[in-house]
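Numbering (this note's numbering), first residue to last: 1 to 170. Here a beta-carbon is modelled for each residue, glycine too, at the ideal position from N, C-alpha and C.
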Amino acid sequence: MKRLFTALLVVVLAGFAAISPAWGQEKKLAFSLNAGVQTDIFNGSSFDKALFTADVRVGFLLGRNFEISPEAMVVFNYLSLFFEGGNGTLVYPGVMVNLRTGNFFVGAGAVLPWGFYEGDSDTGSLAPKINLGYRFPNGIQLTAYYLCWTDEGIDLFDAGFAGVTLGYRF
Numbered sequence: 001m002k003r004l005f006t007a008l009l010v011v012v013l014a015g016f017a018a019i020s021p022a023w024g025q026e027k028k029l030a031f032s033l034n035a036g037v038q039t040d041i042f043n044g045s046s047f048d049k050a051l052f053t054a055d056v057r058v059g060f061l062l063g064r065n066f067e068i069s070p071e072a073m074v075v076f077n078y079l080s081l082f083f084e085g086g087n088g089t090l091v092y093p094g095v096m097v098n099l100r101t102g103n104f105f106v107g108a109g110a111v112l113p114w115g116f117y118e119g120d121s122d123t124g125s126l127a128p129k130i131n132l133g134y135r136f137p138n139g140i141q142l143t144a145y146y147l148c149w150t151d152e153g154i155d156l157f158d159a160g161f162a163g164v165t166l167g168y169r170f
């Protein structure tokens, strides 16, 4: 539980650090709501199930081409990847740093898996995340991402989740 509060504090502080330059320069901040699908990438069982996701992101400009984006993603029925009929909700609070060139963006950051199941909750280890996306002129945003599952005894790219989201950027 101590790791969870530490990670949430880091996300909040990073958000405030990003807000202050944006307020000082009177730059716009971007807010997006996204829905998508995510699948597993494990040895021997990749792409066998798909899970629905929903996320919210806030983007704060850092200069002309960089953006820091606190986010929170919810993955529904995540235990069904591992157990037949499993149910549970996974929340990934995190922060990404994106490089923007025109309408394209690419970024990296970290999220903290926080699972809720059968009235219980548990957090995992901080997980690296990379993303690639395109912002259409009408506000639609398409993002592909890969999330590494980090746990003791698992190498960086041995297990993870890949997904795609489609959303609207306000």
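Closest residue to residue i among the options (Cα-Cα distance)
{"i": "phenylalanine 42", "options": "Tyr168, Met96 and Ala162", "result": "Ala162"}
{"i": "arginine 100", "options": "Trp114, Leu61, Glu118 and Asp122", "result": "Leu61"}
{"i": "alanine 72", "options": "Leu142, Ser32 and Pro137", "result": "Ser32"}
{"i": "valine 37", "options": "Gly63, Arg57 and Phe76", "result": "Phe76"}
{"i": "phenylalanine 105", "options": "Thr123, Gly119 and Ile68", "result": "Ile68"}
{"i": "arginine 57", "options": "Gly63, Asn98 and Asn87", "result": "Asn98"}
Under 8 Å between C-beta atoms of residue i and residue j
{"i": "alanine 144", "j": "proline 128", "result": "no"}
{"i": "asparagine 65", "j": "methionine 96", "result": "no"}
{"i": "threonine 89", "j": "phenylalanine 116", "result": "yes"}
{"i": "leucine 112", "j": "glycine 133", "result": "no"}
{"i": "serine 121", "j": "threonine 150", "result": "no"}
Sequence-distant residues of its chain with Cβ nearer than 6 Å to residue i (five each side left out)
{"i": "asparagine 34", "result": "Asp55, Thr165 and Gly167"}
{"i": "valine 91", "result": "Val74 and Trp114"}
{"i": "glycine 139", "result": "Tyr168 and Arg169"}
{"i": "cysteine 148", "result": "Ala127, Pro128, Leu156 and Gly160"}
Limits of the unbroken beta strand (DSSP E) element including residue i
{"i": "phenylalanine 116", "result": "114-117"}
{"i": "serine 32", "result": "29-42"}
{"i": "serine 69", "result": "66-76"}
{"i": "serine 121", "result": "120-123"}
Contacting residues, own chain, Cβ-Cβ under 7 Å from residue i (five flanking each side not counted)
{"i": "glycine 24", "result": "At glycine 24 the pLDDT is 48, less than 50, meaning the model places this residue with poor confidence; the figure from the coordinates comes in the next sentence. So the list is empty, once near-sequence residues are dropped."}
{"i": "alanine 22", "result": "Model confidence at alanine 22 stands at a pLDDT of 47, short of 50, so the residue's coordinates are unreliable; what they give is reported in the following sentence. Around alanine 22: Leu29, Phe60 and Leu61."}
Own chain, CB closer than 8 Å to residue i, minus 5 neighbours either side, in chain order
{"i": "leucine 9", "result": "Below a pLDDT of 50, predicted positions are generally treated as unreliable, and leucine 9, at 48, falls in that range; the measurement from the model is reported next regardless. Here the set comprises nothing."}
{"i": "proline 137", "result": "Asn103"}
{"i": "lysine 2", "result": "Model confidence at lysine 2 stands at a pLDDT of 48, short of 50, so the residue's coordinates are unreliable and nothing is read from them."}
{"i": "threonine 39", "result": "Ser46, Phe47, Asp48, Lys49, Ala50, Leu51, Phe161, Ala162 and Gly163"}
CB contact check: residue i to chain C, cutoff 8 Å
{"i": "glycine 63", "result": "The structure shown contains no chain C, having only a single protein chain."}
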